[in-house]
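Numbering (full-length UniProt numbering), first residue to last: 1 to 192. Note that beta-carbon positions come from the ideal geometry of N, C-alpha and C, so glycine has one too.
Given below as structure tokens:
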């Protein structure tokens, strides 16, 4: 094994865990889970059967990644943030055939205690603020806060706010990385 699993963690037979990954105290990884390289699953993390986690993801303490949640590479899940997979759950009504897919694109950050309502796509390098409730599509690089979450700005891949309006035209160069961004309408993209 080229990954580490704490003695108190449970990793069911059949789970795939990439090289360099770490599974910490009291975590549970189900048999069908696919976890990439160099990931960190913190204390009390649960990973369901129908879950894919890309390379270099960090899932902080007390996060449950339920079935039908798909994390691309380099996603950060803050402490105690929440995923769901059923839109209208009831204890007495079986709805496993109604699970909705949730996709978190490369490099996105999901802040502590935020909630991601199932069935959404969170764009690459988006930044969801602590405690926000996301219930709709989030564009790449968007900074989202509040309940329900609303876009209040843009974030660079470096993880700092970009000084551009929510829509229009404009250019920005990150002083830390030198990466250049262009705003065209309501879309921001990295151009170099």
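According to the Cβ coordinates, are residue i and residue j closer than 9 Å?
i, j, result
"residue 25", "residue 6", "yes"
"residue 39", "residue 62", "no"
"residue 68", "residue 118", "yes"
"residue 152", "residue 159", "no"
"residue 34", "residue 10", "no"
"residue 73", "residue 107", "yes"
Can you tell me whether residue i is helix, strand or coil according to DSSP?
i, result
"residue 171", "strand"
"residue 58", "strand"
"residue 98", "helix"
"residue 92", "coil"
"residue 132", "coil"
"residue 115", "strand"
"residue 109", "strand"
"residue 74", "coil"
"residue 203", "One cannot answer for residue 203 here, as it falls past the ends of the chain, which runs 1 to 192."
Using only CA atoms, which one of the options lies nearest to residue i?
i, options, result
"residue 120", "112, 106, 101, 110", "101"
"residue 116", "96, 150, 90", "150"
"residue 64", "106, 58, 47", "47"
"residue 84", "4, 114, 143, 173", "114"
"residue 175", "23, 161, 143", "161"
"residue 19", "138, 13, 3, 110", "3"
Give every residue of the same chain whose Cβ lies closer than 6 Å to the Cβ of residue i, excluding the five residues on either side of it in the sequence, and list them in chain order.
i, result
"residue 104", "71, 75, 122"
"residue 51", "33, 65, 69"
"residue 192", "180"
Within its chain, find whatever has a CB closer than 8 Å to the CB of residue i; leave out the 5 residues flanking it on each side and keep chain order.
i, result
"residue 168", "183, 185"
"residue 112", "60, 78, 79, 80, 81, 130, 131"
"residue 135", "117, 120, 148, 149"
"residue 16", "33, 34, 35"
Apart from the five residues just before and just after residue i, which ones in its own chain have a Cβ nearer than 7 Å to its Cβ?
i, result
"residue 197", "There is simply no residue 197 to check, as the chain begins at 1 and stops at 192 in what is shown."
Runs of beta strand (DSSP E) lying entirely within the region 4 to 53, each at least 3 residues, in chain order: 51 to 53
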